[in-house]
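Enquirer: Take this structure first; my questions come after.
Right, dumping it as structure tokens:
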């Protein structure tokens with residue numbers, strides 16, 4: 010009997026957590042932001058992981074990461090590539106948008122401070138301009154959620 014009570018409490022906590030993570034302001038604005046941001050992150054993750062779109066792949070990215078002091082380089086490249094590729098896919102689909110956008114915001118903070126900050130603002134000098142824009146977009150999705158046309162809405166309805 011006590012076990013079933015604890016199980017019910019745990020189930021309620023899990024449902025509350027999932028409702029919180031998937032809740033969203035119902036607007037198309039987040040949807041309009043999710044599409045390009047998801048594609049951009051997936052493309053950058055694909056460069057790091059697979060060498061797609063002129064990227065250096067996992068080994069090349071690992072070497073770069075190690076050269077700027079992010080060690081172990083292979084682990085850091087794998088973490089950055091996976092967060093961008095999988096996080097971008099989740100944002101594109103509107104699946105667990107807030108957690109995915111949180112991970113991507115942290116990834117952009119690391120990119121800004123570890124790679125781009127010393128080069129100034131502008132992209133033409135390898136500055137932090139683009140990473141800052143992606144950080145802002147990610148932060149916006151953390152705040153707003155996935156919006157309309159998102160898998161999060163199906164999850165939220167399931168746990169309502």
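Residue numbers (the working numbering): 10 to 169.
Ideal placement from N, C-alpha and C gives every residue a C-beta, glycine not left out.
Whole-angstrom Cβ separation of residue 150 and residue 121, contact assumed at under 8 Å?
Expert: Taking the chain shown and counting its residues from 1, one reaches residue 150 at position 141. Taking the chain shown and counting its residues from 1, one reaches residue 121 at position 112. Not a contact, Cβ separation roughly 18 Å.
Enquirer: Can residue 39 and residue 153 be called in contact, C-beta distance under 8 Å?
Expert: As a first step, residue 39 is located in the chain shown; it is residue number 30 there, counting from the start. As a first step, residue 153 is located in the chain shown; it is residue number 144 there, counting from the start. Yes.
Enquirer: Along the chain, which unbroken stretches of the alpha helix (DSSP H) at least 4 residues long are found entirely within the stretch 50–126?
Expert: The qualifying runs are 66–76, 82–102 and 106–120.
Enquirer: Within 10 angstroms of the Cβ of residue 133, are there 16 or more other Cβ atoms? Answer buried if so, exposed if not.
Expert: Residue 133 sits at position 124 when you count from the first residue of the chain shown. Answer is exposed; the Cβ neighbour count stays below 16.
Enquirer: Tell me which same chain residues have a C-beta within less than 7 Å of the C-beta of residue 109, skipping the five on either side of it?
Expert: The residue you call residue 109 lines up with position 100 of the chain shown. So the qualifying residues of the chain are 96, 99 and 100.
Enquirer: Of all the options 159, 145 and 124, which has the alpha carbon lying nearest to the alpha carbon of residue 135?
Expert: Start at 1 with the first residue of the chain shown, and residue 135 comes out as number 126. Looking at the Cα atoms, 124 is the closest of the given residues.
Enquirer: Rounded to a whole number of angstroms, what is the C-alpha to C-alpha distance between residue 52 and residue 158?
Expert: For this step, residue 52 is matched to residue 43 along the chain shown. For this step, residue 158 is matched to residue 149 along the chain shown. C-alpha separation (whole angstroms): 22 Å.
Enquirer: Where residue 145 and residue 114 are concerned, what is the direct C-alpha to C-alpha distance, given to the nearest angstrom?
Expert: Along the chain shown, one-based indexing puts residue 145 at 136. Along the chain shown, one-based indexing puts residue 114 at 105. About 8 Å.
Enquirer: So which of 163, 71 and 138 has the shortest CA-CA distance to residue 105?
Expert: Residue mapping note: residue 105 aligns to position 96 of the chain shown, counting from 1. Selected option, being the one with the closest Cα: 163.
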